[in-house]
Every structure is written in C-alpha cells, then in structure tokens.
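One structure is given here, and the rest of the page talks about it.
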DNA sequence: ATAATCGCAGATCAAAATGGTCTGTGATTA
DNA sequence: TAATCACAGACCATTTTGATCTGCGATTAT
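Residue numbers (this note's numbering), protein chains in the order written: chain L, 1 to 156; chain S, 1001 to 1156.
In structure tokens form, the structure reads like this:
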C-alpha cells in the first residue's frame, strides 16, 4: 500500500518536536518517547539513522541527546524518508534493473508510473519540517497555486 | 513504504493489456496470466474486484472472460488502487478517527501529511489507463506544465 | 439436457516486511 | 570512576501481502 512506515512517522514526530525547541537545544530519547508514547528502543534506532544521515547531531554523553543539525526549512520529508526507509520506489522493480521481472521489454506500466513516482518525490521534497511548526502560513508550492485544468476534484 | 502492491501492478498490467485490444474484445484470465507470467488464481481475484467496481465487464461463460467496461481514458490509476487496495492512506491513522492514536491533539504531522496525501491522490487521479497505450503523446497535467518555483530539481 | 468452459467465492497457508524487544558496548562528563 | 547517555546488532512478534486450494455457479455449444 501507498503508506508511510511507522518509523517514518516516528522520525517526523521527533523532528517536529525538535524543531519546536529553541535552536540547538539538546533533547534525549526519553523525552521524545515520552511526549509521543513511542517505544524508546525503536525511537533510538530511528534517531540513529537520522544522525548518520546528517539530519540530527548526536551528543554522546550524560545530559546528551540529539539536536537538529540543519534548519528545519532545509530538511524535506523526502530527506527523512530516504534516511529511514531508503529510496522511494513505487514499483518493486524500479530499482535499477530487477532481474526477477521477466517482462521489462513489454511492460507498459513502468514508465508512466515512474513519472508519477517522480512527481511524488518532488512533492515530498517540496515540503520541509518547517511546515510542522504550527504557525507557518500555508504550504505554497506549485501545485497549490496552479490552475486546475482537469475538471476533476482536487482533494485538498 | 510508499509502494504499490503487486496486486495493483497486476491490475494495471491486465488493464493495459485489455486497453490495447480492439474495443469490447473479451479476453480470459489465462491469456493475460500467460502474457505477463502472473499466477492465474491471484489474477482471478484481482480481475474480480475490478469487475465488482465497474471497471471491467465479466462474461461468465465458455468463450467468456473480461472486457473493459469504460474507455481507457475514463479509468484513473486512483480508481484501480481504490478497487484493489481500498482508499489511499499515507498515514495509518488517517482513516476517520483512529482510537489507538493517543496524540491526535498534539500531532503536528497529521495535517501537513494529509495535504501531501491529497496531492498524491490528485496525481493518481490525473493519470488514466490511456497513458499505458504506447502512442499517447505526453502526460499533460498541471504539475508538468507549471513553473518550478522551488529552485530544486524536479525528478521528471 | 448436459458437459465443457469459463468466472465466483471463501478458506487457508506461506512469505515478506515491518514493528518491537533484548542484550551488551562505548563515549563523555560530573 | 560511576552515572548517563547513544550505539550496535541479534532476535522475535505481528501484520500485511502474496499465493494456493477447494468447491460452486453461470452460460453456451452440442
């Protein structure tokens, strides 16, 4: 299904939490897990990956914890998904060249779907953590402001 | 992960196959399963759901099978996903009101992500089966023609 | 009318992905 | 040097998904 994993949810929640602290504030796992009722062990793994990918800075000591390494507007949802789940792939066969797929040659669905995937990635890249801090006006973004040529409903 | 299920893949392949036949042509499961190496039993289920949702017409008899019920340009990817997997939900908690989610009140990620979900649904609704038949020009759609305000790469 | 050919339906099993737990290690600082 | 924190990897549980099995029901050609 077209669904985010819980780990990504946890990551986003944690990052949202951090981006609402005073900048540079160091927060430990327990505080975050407490705030959102997330099991500490799994949150630990999630935050580790985020720090490996340069999104968080870890402070490995008593009174330590994690802090944001970048400005919240420089971290996109796509960055987070990439850090936690790896690259987005709508199709299971879209990673380079999947040997198991017999019908690459006569597969008509691949390239249209890759087009959609590209657009989804772009959407995810457009939105930054900043949007999670309450007071941000509205999303902006091309799609939002553009004219709906389709005659179809827009869902937002 | 943000991935389509195999069943949806199968459905799209089958529909792509059907939309490339002469209109109204009746094709049975075996032919499709043969063309793409899909297990017949599971393909059967997939096609059944598509016919329940009014995308396919079933012909329940010898020399029977399935045919497209609508024009391929009137069936969107979203229609197919809805028929096979049920409604798209990026977040596990976004179906009406999930009791298990303790922090609905202080959840900052929900509404921004629902916004993204809406846009994804719109993308999926914009693309029809017609795009799978080779000779179609290019996608059209608002996103494609719009100006990229972001300064970021576009992925397509 | 009846047998062959097709789809319909539900139960059930297998595999994979994900979520979660457990145990122990290593860095830093009070 | 002991307390507090992150780090790391193995491991198990759960859920989702994919696939299979069995039997039934509709339609048509003979």
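Built from N, CA and C at the ideal position, the CB exists for glycine as well. Values in this document were obtained by computation on a predicted structure and should not be read as measured data.
In the DSSP assignment, residue 111(L) falls within the alpha helix (DSSP H) that extends over 110-126. In the DSSP assignment, residue 27(L) forms a beta bridge with 66(L). Under the three-state reduction of DSSP output, residue 1056(S) falls in the strand class. By the Cβ test, the region 1043-1061 of chain S is in contact with the region 1077-1093 of chain S, since at least three Cβ pairs between them sit closer than 8 Å. Per DSSP, the unbroken alpha helix (DSSP H) holding residue 1083(S) starts and ends at 1077-1085. CA-to-CA, the gap between residue 41(L) and residue 29(L) works out to about 9 Å.
Per DSSP, residue 1071(S) is not a residue of any alpha helix (DSSP H), being assigned neither H nor E.
Under the criterion of beta carbons closer than 8 Å, residue 130(L) and residue 73(L) qualify as touching, at roughly 4 Å. Non-local C-beta neighbours of residue 1005(S) in its own chain, meaning closer than 8 Å and more than five positions away in sequence, comprise 1084 and 1085, ordered along the chain.
From the listed residues 1002(S), 1012(S) and 1039(S), the smallest Cα separation to residue 111(L) is found for 1012(S). Under the DSSP assignment, residue 1019(S) falls in the alpha helix (DSSP H) whose first and last residues are 1006-1019.
For residue 2(L), the three-state secondary structure derived from DSSP is strand. Chain-ordered, the chain L residues with CB closer than 9 Å to the CB of residue 1088(S) read 1, 2 and 3.
Using a Cβ distance threshold of 7 Å, residue 121(L) and residue 77(L) do not count as a contacting pair. The residues 1017, in chain order, have a CB closer than 7 Å to that of residue 1035(S) in the same chain once the five nearest residues on each side in sequence are set aside. Nearest in C-alpha terms to residue 109(L), of all of 1132(S), 1091(S), 1019(S) and 1071(S), is 1132(S). Within chain S, the residues placing a beta-carbon under 8 Å from that of residue 112(L) are 1127, 1131, 1132 and 1139, ordered along the chain.
Between residue 90(L) and the set 60(L), 50(L), 10(L) and 113(L), the nearest pair of CA atoms involves 113(L). DSSP places residue 91(L) in the coil class of the three-state scheme, outside both helix and strand. Take residue 116(L), set aside five residues on each side of it, and the residues of its chain with a beta-carbon closer than 7 Å to its own are 90, in chain order.
Cβ atoms of residue 1026(S) and residue 1059(S) come within 8 Å of each other, at about 5 Å. Against chain L, the CB of residue 1016(S) has a partner CB under 7 Å away; the residue lies at that interface. DSSP places residue 61(L) outside both helix and strand once states are collapsed to three, so it counts as coil.
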